[in-house]
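Worksheet for the structure shown next.
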Amino acid sequence: MSARLVLMEAIAVLCGAVIGLLVVNLLHWLFADGDFIALTVSLGRFALAIVTVAIFAVFYHYLPQTPAALASFFVGILLPSVIVLFSYDVPLATTTVLLLYTGFSLVALLTYRFVLANSAVRQAATEMAGGGETSERLR
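Residue numbers for the sequence shown follow the numbering used here, beginning at 1 and rising by one.
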């Protein structure tokens with residue numbers, strides 16, 4: 001793997017984690033009466049989101065597309081739900097937590113794939129244009 005590909009993977013993981021976390025916090029605030037600011041600045045929730053989306057990257061690296069998407073979707077629901085239910089003091093029912101993290105999993109997975117696909121298209125376009133150095137000299 002090139003350094004550029006690793007950087008694009010890291011950016012995709014961070015984007016998926018941040019946007020997925022914002023969506024789950026917004027859903028928690030709207031439907032479960034949580035404090036949006038307190039949920040957003042929680043480092044534990046942010047670390048959990050990053051680890052979860054990093055697992056998406058591992059699945060997409062080692063599995064074909066469809067099994068990777070299914071595994072990522074279900075890990076995105078189950079891993080954060082189990083950790084939140086057993087380690088945080090959450091007064092929500094299990095079904096509510098599962099529904100919240102279904103939204104997280106869907107948004108984080110779609111964001112991760114969108115950012116990664118966008119970077120892959122840019123890399124392919126750069127290679128088709130004759131390499132990064134040649135196209136930089138033409139600008």
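Cβ coordinates follow ideal geometry from the N, Cα and C atoms, glycine included.
Counting along the chain, no alpha helix (DSSP H) covers residue 90, and no H or E run does either.
Every alpha helix (DSSP H) of 4 residues or more that sits fully in the segment 43 to 86 is shown, in chain order, as 43 to 62. Per DSSP, residue 2 lies in no alpha helix (DSSP H) and is assigned neither H nor E. For the pair residue 108 and residue 34, the CB atoms are not nearer than the 7 Å cut-off. The beta carbon of residue 48 sits closer than 7 Å to the beta carbons of 80 and 83 from its chain, once the five residues preceding and following it are set aside; these are given in chain order.
In its chain, beyond the 5 residues on either side, 71 have a beta carbon closer than 8 Å to the beta carbon of residue 63. By the beta-carbon neighbour count (other beta carbons within 10 angstroms, threshold 16), residue 88 is exposed. DSSP, read as helix, strand or coil, puts residue 103 in helix. In its own chain, leaving out the 5 sequence neighbours on each side, no residue places its CB closer than 8 Å to the CB of residue 42.
For residue 52 against residue 75, the beta-carbon gap comes to about 7 Å, under 8 Å, which counts as contact.
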